[in-house]
Amino acid sequence: FIDYISRPSAVYVQDIDDDRNSLINQMEIKKMNFVEFINSRTLSKQQITKELKDLENKSGLHLLFNKEPKDIDLEIAKKQFEKINKNQHIWEMIINPGDLGIKNKMLDKNEWNEILNKTMRNLLRANNLDPNNIIGYWALHSNTNYPHVHLGFFEKLPNHINKYRPKGKFDQKTLKKFQFAFENAINEQRDYKELFDLKNSIWNDRKEFKNLFINTLNENNKTNSEIEFSFSNNDLRILNALKTIRDFYKNQKNKSYAVSKDNDEVREAINEIYAIKIASNIELKEKLDAYNNQINKITNTSFEDKETNLLKDEFINKEKDEFERQIGNAIIKNCLKTNLDEIYKEKKLDTYSYIANNDIYKDETFEGILNNLKKLKNNLDFELNRILWMRKFEALKAYRKNISTVKAKIIL
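Under the working numbering, the residue at position 183 of the sequence shown is numbered 1243, and the numbers go up by one with no gaps.
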């Protein structure tokens, strides 16, 4: 049995540090399709091409229920089979997912190992066998169009009356359940990998946006002597928002964003600064668009596996909260280290009278009127962004309130 399932012309071999992503990448570099690639990974073909490392220690044989699918010495496995009692059963299985294996690119032995360990335990228990009392060996074959597993296993020790299981046949219903569970696990594995990749992409986009946003905030955090007297309308809006935030946190021991959750005025001030920064920085807006595109992509992705869909929804809700928290904390931290008190004290700014009396709005030449119109347009663009942001903020508050109410009713 061991010689047959581990024969070099059929058995699939893989480097220990390779995984699904690295194997798919190798396949794409070689410009091979799935079947061509797995066919090229039999031990006999690798002994010719020598693409893999440490080939002399690769057998393609693995121990069932091992955490990692390490290659097992063939002689050790053969000695295990030699010790088998003549009254023992040896069970043999061939597991071939067919087109599903191709569709889901089942070329990573780590994935096969994980799915086998999970599904075989349930099958054994369903047939009154203890998985912890089983010794099994498996090998992945890749010499056909469909990758498939050959598996053999037997009881390690007899029961309390020194007897092995007398019946060899497995219940047909449990085998059908095993088939369903195995196919479902393949889909789940694929879905989980896709979800993991999407999450990583979103985390990277959020990190890039956050770093750029903080840099944008820090650029404006100048000393008092560096701040010019000629403020734009947006500058004055930011100063007023800064004052609101600083006044609120002045006597707060906890300076985090979470403290302001019940203060709409502070939240609006934070959102005001956020909206102005986005509207006035093209690169920042592009980063935000990239992040939102990834959020929309994962939101619109539907997985076959129900559990993965639940994980996706949970991630989206947590990610939105985490984005809001990180950006909110960045704005608060920047506000608290800005020399706002000195600006107000030395410049004696009255923001609204300053806007009304500012000469930049009184130039009646053609060029002046054109410039004023551009400034007014920018202000209107900002105001639109601010209103849209506040609507999202209010909608999120209402959604959370409604969800809390529904959960409370369900619990009751």
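In this text, a Cβ means the ideal position worked out from N, Cα and C, and glycines have one as well.
Check, Outcome
"Beta-carbon separation (whole angstroms), L1258 vs T1361, contact threshold 8 Å", "7 Å"
"Close Cβ partners of T1109 (< 8 Å) along its chain, the five nearest in sequence each way excluded", "S1100"
"Candidates D1075, Q1086, N1126, H1149, of which the one nearest E1116 by Cα", "D1075"
"contact_flag[the region 1189–1208, the region 1153–1168] where n(CB pairs < 8 Å) is 3 or more", "yes"
"Where the beta strand (DSSP E) through Y1197 begins and ends", "1194–1201"
"Of the residues L1123, M1166, K1380, G1212, the one placed nearest E1152, counting alpha carbons only", "G1212"
"Cβ-heavy atom distance, N1389 to the ligand ADP, below 6 Å", "Ligands displayed in this structure: none; no statement on the ligand ADP is therefore possible."
"Complete alpha helix (DSSP H) runs within the region 1308–1359 (minimum length 4 residues, chain order)", "1324–1339, 1342–1359"
"DSSP state of Y1224 mapped onto helix, strand, coil", "coil"
"Buried versus exposed call for D1131 [16 or more other C-beta atoms within 10 Å across all chains shown]", "buried"
"Environment of V1071 [buried if 16+ CB atoms lie within 10 Å]", "buried"
"Secondary structure of E1215, DSSP reduced to three states", "strand"
"Beta-carbon separation (whole angstroms), R1266 vs N1164, contact threshold 8 Å", "Rounded, the Cβ-Cβ distance is 29 Å, inconsistent with contact."
"Coarse secondary structure for M1180, derived from DSSP in three states", "helix"
"When N1081, N1147, H1201 are compared against K1105, the one with the closest alpha-carbon", "H1201"
"Which of helix, strand or coil DSSP assigns to L1302", "helix"
"R1080 and D1168 closer than 7 Å at C-beta", "yes"
"Member of I1387, E1328, D1324 whose CA lies at the smallest distance from the CA of L1344", "I1387"
"Alpha carbon of N1182 to alpha carbon of T1359, nearest angstrom", "33 Å"
"Residue environment, A1137, which counts as buried when at least 16 other CB atoms sit within 10 Å", "buried"
"8 Å Cβ shell around L1184 - same chain, five flanking residues per side excluded", "D1190, P1191, I1194"
"Short CB-CB distance (under 7 Å) between I1392 and chain C", "No chain C appears in the structure shown, which is made up of a single protein chain."
"Run of the beta strand (DSSP E) containing L1371, from where it starts to where it stops", "Unbroken run through L1371 is the alpha helix (DSSP H), 1366–1396; no beta strand (DSSP E)."
"For I1305 and L1277, the rounded distance between their alpha carbons", "15 Å"
"Neighbour-count burial assignment, S1069, 16 or more Cβ in a 10 Å radius", "exposed"
"Local Cβ density within 10 Å of F1240, reported as buried at 16 or more and exposed below that", "exposed"
"Presumed contact (8 Å Cβ cut-off) between I1391 and Y1334, rounded CB distance", "7 Å"
"Simplified DSSP assignment, three categories, for Q1086", "helix"
"Length of the line joining the Cα atoms of E1328 and S1340", "18 Å"
"Beta-carbon proximity check, N1369 vs F1363, cutoff 7 Å", "yes"
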